[in-house]
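In the numbering used here, the protein residues as written are 207 to 369.
See below for the structure under consideration.
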Amino acid sequence: MAGSLNKVMLIGNLGADPEIRTFGNGGRVCNLRIATSERWRDKNTGENREKTEWHTVAIFSEGLVKVCENYLKKGSKVFIEGALQTRKWQDQSGNDRYSTEVVLQGFNGTLTMLDGRGGGDSMGGGQGGGYNAPASGGGGYGGGSGGGAPAPVNNDLDDEIPF
């Protein structure tokens, strides 16, 4: 195989409300913190264990930024598909720092709301009403003009675990 692949797919819950920032050129970015958890039973002690990983996500598609702004909140369950990128920045002391995050931009990203339009803290197991909007538009970290409003889709996702 001659090529390579940089793809990240996550299903998890937002740990905080989306953070929307606007750049000087008018482009916007939405930053998310997504928690994914792994659960298992310890073979030695028999007790249930859980490990949670936190993922930083940056969304540069204007259409998806609007969806995040209008429909997502802390606790919302989402499916994210993007690429892993590391960027260099400087802290207040002028020291070089590095951040690795999942980036949705161009046509390489997807955001699907898994708990409907209400999002967040609802306890219901409803499945419909999510958006599956491929990230469109371009531009790097300066943001770019994005696609239009996302189209609603029928999410026939069965989230019941059969075992």
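Heads up, the beta-carbon is just placed ideally off N, CA and C, and yes, glycines get one too.
Model, not experiment: these values are computed from the prediction.
Identified DSSP bridge partners for residue i
i: K257; result: E244
i: Q296; result: D302
i: L238; result: V263
i: T228; result: R234
Exposed unless 16 or more other CB atoms sit within 10 angstroms - verdict on residue i
i: E244; result: exposed
i: G312; result: buried
i: L158; result: An answer regarding residue 158 cannot be provided, because it is not within the stretch 207 to 369 covered by the chain.
i: D321; result: buried
i: F266; result: buried
i: R293; result: exposed
i: S282; result: buried
i: L310; result: buried
i: G315; result: buried
i: L238; result: buried
Alpha-carbon spacing of residue i relative to residue j, whole angstroms
i: V273; j: G232; result: 17 angstroms
i: A208; j: W260; result: 32 angstroms
i: I226; j: E275; result: 7 angstroms
i: R255; j: L317; result: 29 angstroms
i: V308; j: T228; result: 19 angstroms
i: G332; j: Q298; result: Only weak support is given to the placement of G332: the predicted model assigns it a pLDDT of 32, under 50, and the question is left unresolved by the model.
i: W295; j: D248; result: 40 angstroms
i: R234; j: T251; result: 49 angstroms
i: G218; j: V284; result: 6 angstroms
i: D223; j: M319; result: 14 angstroms
i: L216; j: E268; result: 21 angstroms
i: I240; j: W246; result: 20 angstroms
i: G288; j: E253; result: 35 angstroms
i: S305; j: C236; result: 16 angstroms
i: T242; j: R303; result: 25 angstroms
i: G300; j: G230; result: 22 angstroms
Three-state class that DSSP yields for residue i in the structure shown
i: G288; result: strand
i: G269; result: helix
i: N276; result: helix
i: K283; result: strand
i: L320; result: coil
i: G218; result: strand
i: L310; result: strand
Integer-rounded CB distance, given that residue j should sit under 8 angstroms from residue i
i: V271; j: I286; result: At roughly 14 angstroms, the Cβ-Cβ gap does not stay under 8 angstroms, so V271 and I286 are not in contact.
i: K280; j: L220; result: 5 angstroms
i: V214; j: L290; result: 5 angstroms
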